[in-house]
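For what it's worth, our numbering labels the leading residue of the sequence shown as 23, then goes sequentially.
Note that the Cβ used here is the ideal one computed from N, Cα and C, for glycine as well.
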Amino acid sequence: MKIKSADFLMSNSNVENCPNQPLPEYAFIGRSNVGKSSLINMLTSRKSLAKTSGRPGKTQLINHFKINDQWFLVDLPGYGYARVSKKDKKTFQKYITDYFLKREQLVSAFLLIDIRHEAQKIDLEFMQWLGENGIPFSILFTKADKLKPKAIERNVKNYLDQLLLGAWEEVPNHFITSSSNSLGKEEVLNYIQEINTRFYEGK
Ligand code: GTP
Ligand code: MG
């Protein structure tokens with residue numbers, strides 16, 4: 023898919039105030055610093071559409087980016103950010119869970135996992151929660167440029183094996199990506215395109 027336009031529309035902390043447009047949307051979620059905002063920039067070939075930072079906790083709100091005037095990419099704050107207070111964590115959890123539970127335009131979530139790390143409880147729990155609530159998602163393994171091809175293969179296999187040992191009967195749809203070298207760009211955009219086509223055909 024060709025990205026002809028990518029525009030920031032709005033930020034907010036309440037799902038009720040998200041854009042009132044019947045367009046399919048895709049939300050990026052995962053631990054702080056996993057590379058959600060960077061991946062949005064990579065997919066859209068825009069250097070600083072979404073704000074990124076080397077320090078975790080950069081994205082704080084629900085951010086809507088309108089793509090090709092037809093669909094939305096949504097950048098969300100990360101979870102598992104140690105430096106926020108308990109109260110902030112609660113507020114955050116509430117508006118993010120509200121977003122996932124109430125946003126009818128959400129057609130698929132992308133759960134980002136740093137390809138270098140072993141499966142972490144917080145991600146497994148979030149995946150479980152998405153499953154229980156019937157929210158479709160794909161896994162995006164990020165930062166693949168940090169590993170050699172053999173290690174990429176080994177880590178992905180280990181990760182998916184862990185899911186199969188746990189609650190999952192089959193492995194979720196997944197992609198291997200890097201925002202540094204654009205690995206996975208075509209695959210992810212094609213996947214989005216397929217869902218968009220189905221969405222518009224079903225109208
Ligand atoms: P929060 O908004 O804090 O939740 O973080 P985020 O998940 O949006 O992460 P962000 O995109 O801001 O990236 C965090 C850091 O990881 C930045 O220093 C990025 O440059 C770096 N980074 C992101 N993606 C990649 C990647 O594919 N490869 C490499 N080498 N670094 C990456
Ligand atoms: Mg971010």
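Would Pro158 pass as a contact of Ser130 if the rule is Cβ separation under 8 angstroms?
As a position in the sequence shown, residue 158 is number 136, starting the count at 1. As a position in the sequence shown, residue 130 is number 108, starting the count at 1. Yes, these two residues count as a Cβ contact at 8 angstroms.
Rounded Cβ spacing between Val210 and Phe197 (contact assumed at less than 8 angstroms)
Counting from one through the sequence shown, the residue named residue 210 turns up at place 188. Counting from one through the sequence shown, the residue named residue 197 turns up at place 175. Indeed they touch by this definition, with Cβ atoms about 5 angstroms apart.
Assign Met19 to buried or exposed, taking buried as 16 or more other Cβ atoms, counted over all protein chains shown, within 10 Å of its Cβ.
In the structure as shown, the chain begins at 23 and stops at 225. Residue 19 is therefore absent and cannot be evaluated.
Opening and closing residue of the beta strand (DSSP E) in which Tyr117 lies:
As a working mapping, residue 117 is identified with position 95 in the sequence shown. Looking at the DSSP string, Tyr117 is not in any beta strand (DSSP E); the run it does join, the alpha helix (DSSP H), is Lys108 to Lys124.
Tell me which same chain residues have a C-beta within less than 7 angstroms of the C-beta of Arg68, skipping the five on either side of it?
Residue mapping note: residue 68 aligns to position 46 of the sequence shown, counting from 1. Once the five neighbours on either side are set aside, the close Cβ partners of Arg68 are Ala28.
Quick one: is Glu47 buried, meaning 16 or more other Cβ sit within 10 Å of its Cβ, or exposed?
Residue numbering aside, residue 47 sits at position 25 when the sequence shown is read from its first letter. Buried is the call here.
Spell out a yes or no on whether the stretch 46–60 and the stretch 138–157 are touching, meaning 3 or more CB-CB pairs, one atom from each, closer than 8 angstroms.
yes
With a threshold of 8 angstroms, are at least 3 pairs of Cβ atoms found where one atom belongs to the stretch 106–121 and the other to the stretch 33–46?
yes
With distance defined between alpha-carbon atoms, name the residue in Pro44, Lys143 and Lys58 nearest to Leu134.
Indexing the sequence shown from 1 puts residue 134 at position 112. Nearest option by C-alpha distance: Lys58.
Is it a yes or a no for the stretch 70–85 touching the stretch 93–100, going by three-plus beta-carbon pairs under 8 angstroms?
Touching, yes.
Exposure of Thr119, with buried meaning 16 or more beta-carbon neighbours within 10 Å:
If you number the sequence shown from 1, residue 119 lands on position 97. Looking at its Cβ environment, which holds fewer than 16 other Cβ atoms inside 10 Å, Thr119 is exposed.
Check this for me: beta carbons of Leu162 and Trp93, under 8 angstroms apart or not?
Sequence index remark: in the sequence shown, residue 162 carries index 140 (1-based). Sequence index remark: in the sequence shown, residue 93 carries index 71 (1-based). No, the Cβ-Cβ distance between Leu162 and Trp93 is not below 8 angstroms.
Is Leu61 near Ser201, with beta carbons less than 8 angstroms apart?
Walking along the sequence shown from the start, residue 61 turns up at place 39. Walking along the sequence shown from the start, residue 201 turns up at place 179. Going by C-beta atoms, Leu61 is nearer than 8 angstroms to Ser201.
Between Ala166 and Leu205, which are expected to be in contact by the criterion C-beta below 8 angstroms, what is the C-beta distance as a whole number of angstroms?
The count along the sequence shown starts at 1 and reaches residue 166 at position 144. The count along the sequence shown starts at 1 and reaches residue 205 at position 183. Correct: roughly 5 angstroms between the Cβ atoms.
Could you tell me whether any non-hydrogen atom of ligand 2 is closer than 7 angstroms to the CB of Thr164?
The sequence position of residue 164 within the sequence shown is 142, counting from 1. The answer is no for Thr164.
Measure the Cβ-Cβ separation of Ile19 and Leu187 and say whether it is below 8 angstroms.
Examination of residue 19 is not possible in this model, given that the chain is present from 23 through 225 alone.
Residue nearest to Thr74 in terms of C-alpha spacing, selected from Leu152, Leu185, Asn55 and Phe132:
The residue given as residue 74 occupies position 52 in the sequence shown. Nearest C-alpha to Thr74: Asn55.
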